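K.L.:
According to the UniProt record's numbering, the stretch in the sequence shown is residues 1 to 528, in order.
My structure is below; once you've seen it, I'll send some questions.
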Amino acid sequence: MGAPGKVLLPLLCALLLGAGGVHAGKILVFPEDGSHWVNMQVILRELGSRGHALTVVRSVRSWYIKENPALYTSVSVDPPAPEGFSADMFNALLQRSLQLQRMSSLRYFFEQQSDIVHTLQLFHGSALQMISTILDDAELTDRLREEHFDLMLTDPAFPAGVLLANYLELPLVYNVRWLNTGDAHMAIAPSPPSFVPMYNSLLPDQMGLWERARNLVRYMSSMIQEHYAILPIYSELIERHFPPGADLLSMQRRADIWLMRVDFIFDFPRPTMPNMVYIGGFQCRLSKPLPDDLEAFVQSSGDHGIIVMSLGAMIASLPKDISEAIAMAFAELPQKVVWRYIGERPSNLGSNTLLVNWLPQNDLLGHPKTRAFVAHGGTNGMYEAIYHGVPVVGLPLLFDQYDNLLRLQVRGGARVVKAATLTTATFKEALEDVIKNSSYRETMHKLSRLHKDRLVSPLDTATFWIEYVMRNKGAAHLRPESWDMPWYTYHSVDVVLLLLVLACLSVVVPVIACRLLGRAILKKSKVE
Numbered sequence: 001m002g003a004p005g006k007v008l009l010p011l012l013c014a015l016l017l018g019a020g021g022v023h024a025g026k027i028l029v030f031p032e033d034g035s036h037w038v039n040m041q042v043i044l045r046e047l048g049s050r051g052h053a054l055t056v057v058r059s060v061r062s063w064y065i066k067e068n069p070a071l072y073t074s075v076s077v078d079p080p081a082p083e084g085f086s087a088d089m090f091n092a093l094l095q096r097s098l099q100l101q102r103m104s105s106l107r108y109f110f111e112q113q114s115d116i117v118h119t120l121q122l123f124h125g126s127a128l129q130m131i132s133t134i135l136d137d138a139e140l141t142d143r144l145r146e147e148h149f150d151l152m153l154t155d156p157a158f159p160a161g162v163l164l165a166n167y168l169e170l171p172l173v174y175n176v177r178w179l180n181t182g183d184a185h186m187a188i189a190p191s192p193p194s195f196v197p198m199y200n201s202l203l204p205d206q207m208g209l210w211e212r213a214r215n216l217v218r219y220m221s222s223m224i225q226e227h228y229a230i231l232p233i234y235s236e237l238i239e240r241h242f243p244p245g246a247d248l249l250s251m252q253r254r255a256d257i258w259l260m261r262v263d264f265i266f267d268f269p270r271p272t273m274p275n276m277v278y279i280g281g282f283q284c285r286l287s288k289p290l291p292d293d294l295e296a297f298v299q300s301s302g303d304h305g306i307i308v309m310s311l312g313a314m315i316a317s318l319p320k321d322i323s324e325a326i327a328m329a330f331a332e333l334p335q336k337v338v339w340r341y342i343g344e345r346p347s348n349l350g351s352n353t354l355l356v357n358w359l360p361q362n363d364l365l366g367h368p369k370t371r372a373f374v375a376h377g378g379t380n381g382m383y384e385a386i387y388h389g390v391p392v393v394g395l396p397l398l399f400d401q402y403d404n405l406l407r408l409q410v411r412g413g414a415r416v417v418k419a420a421t422l423t424t425a426t427f428k429e430a431l432e433d434v435i436k437n438s439s440y441r442e443t444m445h446k447l448s449r450l451h452k453d454r455l456v457s458p459l460d461t462a463t464f465w466i467e468y469v470m471r472n473k474g475a476a477h478l479r480p481e482s483w484d485m486p487w488y489t490y491h492s493v494d495v496v497l498l499l500l501v502l503a504c505l506s507v508v509v510p511v512i513a514c515r516l517l518g519r520a521i522l523k524k525s526k527v528e
């Protein structure tokens, strides 16, 4: 790059990121717990470093969201029922998931749909308790109004933050991947089931006739769950606190900017909208040096390198039989293993395996000696693996993990092992394949290059658009008109019916006219 280019590129970035001279704004944040909070914090730290004042609404019983006066002011709410997020609850969900994996496909579908509805109702019930406690407290809502926040930043997986933003009439920005019962795209962007796989469908974007039929059934099931199992949960609250005619879907769709935790080098390409901004992998960063003791263990692996295993923020350990099968497979490999594991130590753990309560996942994945990543398929971990170019052996357990790992497997960067039927032999074979077959690493290196090949980083993109909404008091001009259309208008059902009526009339009217004319002529001839 010549001298002019070296000057112009930083200048262009500065213009993109600093246009308009944003003042230090006041941002109300309503996050979700668990791993969703882990990535929300990344955005909050960046906003805090840019001088914005942050206020976080949290439950006093929050699992992950703690008070942090150095970064934000906390508004701690005490709802009457415990929040849905807890280690015990996720362990119960894990046991049920493993049970479902052992069922026949047809029974699995019906049992899974029933479980999805039950789990969603549990989470949405907790969200309802949270937002009811806030909206029923006039003193609290008055205090929030008096703060004159510039916008609300929320994760709308469950809509408590959405409802509060609408109640306070604040501009609204989402940090989003999921909404109600599926991918957030489905709320405002066209999502044809012919090539857009539905949530938990375990389907790629290239589908045959039978797969498209399965996907359509999933699509219809998702719509039924949303309208008959989820939306009614909030009906009474909305009637009490919002004007007549208000409904949750319309409030969700009015968000100014949707910061989508998606990058199409990982997710399947699909239709989008002008107010959807893609920031997948925004939490990824260069690796930092490891602690001395961990670095010594990694270096002791020699040329064989290491395997990193973590099941994310919500699941620390697996049932004993699965853990021991995994431990035995690790013991038979020449690589060293760093395994985040909390629970009873496997009896057959090899000397090459280090169990830790916590591990610096990003820094380990960025280490040159890392050969493979054994993961559950959470979005954060998948993007970190892509960022650092590390192939994956996937053990999907819950929620979107099956879909995430399927996408990486279709790309050629992962092998997926079914946890419920895992054996030492199958797990070892998958690890050896991923480590020895260079195509996995080459694919991940290619995805890493594509992911990083952009003018502005995902995190800077996110902060730009948040500040854009603050500068312009919203971004209503980017919202598609479709968000406020009834379904029959959106799908042109009324137009099709009109055209059918006109087509019928164009046939029927001439026929009737001919008959009437014929009768008139016949009658006239008889008179004569």
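All C-beta atoms, glycine included, are put in the ideal place defined by N, C-alpha and C.
Bear in mind that the values here come from a model prediction, so they are computed numbers and not experimental data.
1) Expressed to the nearest angstrom, what Euclidean distance is found between the alpha-carbon atoms of H376 and A246?
2) With a Cβ-Cβ cutoff of 7 Å, do W178 and A157 count as a contact?
3) Thinking C-beta only, is M485 closer than 7 Å to G25?
4) Helix, strand or coil: how does DSSP classify G305 here?
5) With respect to the beta strand (DSSP E) encompassing M152, which residues constitute its N-terminal and C-terminal limits?
6) Ends of the alpha helix (DSSP H) at N362?
7) Can you name the residues that DSSP bridges to G394?
8) Is the separation between the beta-carbon of V277 and that of W483 shorter than 7 Å?
9) CA-CA distance, A331 and E432?
10) Going straight from the alpha carbon of E481 to that of I188, what length do you get?
11) Between P360 and L290, which are expected to be in contact by the criterion C-beta below 8 Å, what is the C-beta distance as a whole number of angstroms?
12) Would A329 and F427 be called neighbours here (beta carbons separated by less than 7 Å)?
13) Report the option in L44, D33, N472, Q206 whose CA atom is closest to the CA atom of A127.
14) Between which two residues does the alpha helix (DSSP H) carrying A425 extend?
15) Residues in the same chain with beta-carbon distance under 8 Å from E67, minus the five sequence neighbours each way, listed in chain order, please.
16) Residue range of the alpha helix (DSSP H) that Y341 falls in?
17) May I ask you to report which of helix, strand or coil DSSP gives C514?
18) State the beta-bridge partners of L355 as determined by DSSP.
19) What does R58 pair with, by DSSP beta-bridge criteria?
20) On the DSSP bridge list, what partners appear for N175?
21) Hey, how far is the Cα of T463 from the Cα of I43?
22) Could you pull the start and end residues of the beta strand (DSSP E) that Y278 belongs to?
23) Using a Cβ-Cβ cut-off of 8 Å (strictly less than) and excluding sequence neighbours within five positions of L237, which residues of its own chain qualify?
24) Alpha carbons only, please: which of G474, M273, I279, D292 is nearest the one belonging to L455?
25) Please name the residue, chosen from Y219, T424, M382, that lies closest to A327 on a Cα-to-Cα basis.
26) Return the bridge partner residues of G48 from the DSSP annotation.
27) Could you give the distance in angstroms between the alpha-carbon of G234 and the alpha-carbon of D403?
28) Please work out which residues of its chain come closer than 6 Å, Cβ to Cβ, to T461, disregarding the five sequence neighbours upstream and downstream, and give them in chain order.
29) Using beta-carbon positions only, say whether L397 and V417 come within less than 7 Å of one another.
30) When DSSP labels each residue in this structure, what does M251 get in the three-state scheme?
31) Here's the rule I'm using: 16 or more other beta-carbon atoms within 10 Å means buried, otherwise exposed. How should P10 be labelled?
32) Give the DSSP-derived three-state secondary structure of A53 in the structure shown.
33) Taking one C-beta from the stretch 166-183 and one from the stretch 253-272 each time, how about it: are there three or more such pairs within less than 8 Å?
34) Under a three-way DSSP split, which group does L521 fall into?
35) Enumerate in chain order the residues of its own chain whose CB-to-CB distance from M186 is below 8 Å, with the five nearest sequence positions on each side excluded.
36) Give the straight-line distance between the Cα atoms of F30 and M152, rounded to the nearest whole angstrom.
P.N.:
According to the structure shown:
1) 39 Å
2) yes
3) no
4) coil
5) 151-154
6) 361-365
7) A375, V416
8) no
9) 13 Å
10) 9 Å
11) 7 Å
12) yes
13) D33
14) 424-436
15) R58, S74, S76
16) Here Y341 belongs to no alpha helix (DSSP H), and DSSP marks it neither H nor E.
17) helix
18) W339
19) S76
20) L259
21) 7 Å
22) 276-278
23) L128, I131, S132, L135, L163
24) I279
25) T424
26) Bridge partners of G48: none, in fact.
27) In the sequence as presented, Gly is not what sits at residue 234; that position holds Tyr. Approximately 28 Å between the Cα atoms of the pair.
28) I279
29) no
30) helix
31) Low per-residue confidence applies at P10: pLDDT is 48, beneath 50, and the placement is therefore not dependable enough to give any value.
32) strand
33) yes
34) For clarity, residue 521 is Ile in the given sequence; the question names Leu instead. In the structure shown, I521 sits in a helix (DSSP, three-state: H, G or I).
35) L179, S222
36) 7 Å
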